[in-house]
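Heads up: the structure comes next, in structure tokens.
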Amino acid sequence: MEYYSLLPHNTFGIQAETSDFREFASEEELKCLVDEGVFSSRPFFCIGGGSNLLFTKKRYDWTFLHSAIRTIEVTGENPDWVEVRVGSGVVWDDFVQRCVESGWYGAENLSLIPGEVGAAAVQNIGAYGAEVCDLIDFVETMDACGVKRVYRISDCAYAYRDSIFKRPSMKSVFILYVHFRLCKHPHFKLDYGNVRQELSRYDEVNLARVRQVIVDIRQNKLPDPVRLGNAGSFFKNPVISRAQYDRLCTQFPSMPCYAVDADRVKVPAGWLIEQAGWKGKALGRAAVHDRQALVLVNLGGAEGADIVSLARAVQDAVADRFGIVIEPEVNFI
Ligand code: EPU
């Protein structure tokens, strides 16, 4: 049997292959795949830009499905807002670029996040104080039986890097389009990290400038997957009780945190990993990035198993030192 390489479909740069790979460029094409019986004959998995997953096997006898719906249409507007229907296969950052060029506010802090629009809605991507769920109006889907459904934002169960679309029961629901609602008036979120400080070097704050500053910050810290395979943040930032945080602070007074609510705080996993001594360290062909400890990298030729071994070693070290369990953000396939 001929196998299809998944190397171009994962930013970790892991060699894996599958027996079947299908693309759909429209709702009708997806319906044809349903009618052909593609989803009733073997296991299937819907893949986006492959920027947030880790192939743990070398060979899959599965159908990998990829959206090539790449349209961006304005569906409504008034003097304050614009509504845009975006195909799930549009590259996320191309959409951000389009927003910035069109004078639509809201997506700029999410500049340069790898991946595609459908996966952005599954994963609830976020950065620099913004989350994609704050921009989404509703999501159009079709399931493996060809049934269409609209998920209003209130149906999507959005939370930190989480949504209803990540539940195992939603495996057979494919995103066709994401509808966004963007503002036509300037309103920036500049209070995260060093964003405001970086902007202060310029006279004027405008959409293009904010995008540029975010791009610069990311390029400084995060490895370019073209040069060094990676999937962005490998772990989620753990949420712990304020009581546990206060106890840890007596031993580790410099431990940073962000408030989640009155009783809980989020601790940067990158800090925990660095303090546990893993920043920049390698295990075989996998390593912890030397500028951002939250990112695991493929030093070249790593297999999924190499990354998994490193991830376990890092999790154990953090648990031993701080008693905190860090969970992967990346999806293991
Ligand atoms: N830190 C360290 N050492 C490190 C990395 C971070 O000490 O090696 C500490 C620093 O004190 C820093 C704090 O951790 O102040 C937070 O770091 P940063 O602002 O870089 O953000 P992060 O919590 O590490 C999260 C997202 C990123 C997103 C940035 C910016 C998660 C899992 N990650 O990282 O998202 O770009 O905030 O908003 O929430 C991604 O999801 O792939 C991703 C890159």
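When we follow my numbering, the leftmost residue of the sequence shown carries the number 12, and every step to the right adds one. Glycine included, every Cβ here is placed at the ideal spot set by N, Cα and C.
May I ask whether a heavy atom of the ligand EPU can be found less than 7 Å away from the beta carbon of residue i?
i: E209; result: no
i: Y139; result: yes
i: P6; result: This structure does not reach residue 6, given that the chain is present from 12 up to 344, and the question cannot be answered.
i: S122; result: no
i: E142; result: no
i: G281; result: yes
i: Q255; result: no
i: K232; result: yes
i: Y188; result: no
i: P339; result: no
i: A304; result: yes
i: G61; result: no
i: K247; result: yes
i: E47; result: no
i: S78; result: no
i: Y382; result: Outside the shown range of the chain (12 to 344) lies residue 382, about which nothing can therefore be said.
i: P236; result: no
i: K290; result: yes
i: P267; result: yes
i: Y203; result: yes
i: E285; result: yes
i: G243; result: yes
Between residue i and chain C, is there a C-beta pair that is closer than 8 Å?
i: V85; result: Here chain C cannot be found, since the structure has a single protein chain.
With distance defined between alpha-carbon atoms, name the residue in the options nearest to residue i.
i: N89; options: K68, V102, W115; result: W115
i: R33; options: I175, M266, I80; result: I80
i: L146; options: E209, V206, S265, V128; result: V128
i: F55; options: N63, V45, S62; result: V45
i: Q230; options: T152, N217, P125; result: P125
i: A132; options: S99, G311, N120; result: S99
i: H196; options: N217, V206, A324; result: N217
i: I344; options: K42, P19, R70, M12; result: R70
i: Y15; options: G48, E39, L76, F50; result: L76
i: E84; options: R109, Y139, R238; result: R109
i: V278; options: W289, D31, S265; result: S265
i: I284; options: D301, P339, G311, V325; result: V325
i: S183; options: C57, D31, P19; result: C57
i: W73; options: T67, R53, T82, G61; result: R53
i: S113; options: A219, A330, R302; result: A219
i: K159; options: H198, P179, L187, V143; result: L187
i: M181; options: D166, A293, L17, C268; result: D166
i: Y269; options: V299, Y203, P234, D31; result: Y203
i: W92; options: V101, D148, V107, A130; result: D148
Am I right that residue i and residue j are in contact with their C-beta atoms under 8 Å? What's the rounded C-beta distance?
i: G117; j: C194; result: 6 Å
i: A313; j: I25; result: 7 Å
i: F246; j: L305; result: 6 Å
i: K200; j: N120; result: 6 Å
i: M6; j: E38; result: Within the shown structure, residues of the chain are numbered from 12 to 344, placing residue 6 beyond reach of any answer.
i: N241; j: Q134; result: Contact flag wrong, Cβ pair sits at about 16 Å.
Can you find a heavy atom of the ligand HEM that lies under 7 Å from the Cβ of residue i?
i: S174; result: This structure simply doesn't include the ligand HEM; it includes the ligand EPU instead.
Which whole runs of the alpha helix (DSSP H) in the region 41-120 are 4 residues long or more, in chain order?
The qualifying runs are 49-52, 103-113.
May I have a chain-ordered list of the beta strand (DSSP E) segments no shorter than 3 residues that lie completely inside the region 187-214?
Listed in chain order, there is nothing to give.
Within the region 116-165, note down every full alpha helix (DSSP H) run reaching 4 residues or more, in order along the chain.
Entirely contained in the region 116-165, the alpha helix (DSSP H) runs reaching 4 residues are, in chain order, 128-134.
In the region 255-319, which residue ranges form an unbroken beta strand (DSSP E) of at least 3 residues, counting only runs that do not cross its ends?
Secondary structure in the region 255-319: the beta strand (DSSP E) runs of 3 residues or longer, each lying completely within the stretch, are 275-277, 297-299, 306-309 in chain order.
My parser needs the alpha helix (DSSP H) runs of 4 or more residues fully inside the region 212-258; what are they?
The region 212-258 contains these whole alpha helix (DSSP H) runs: 218-232.
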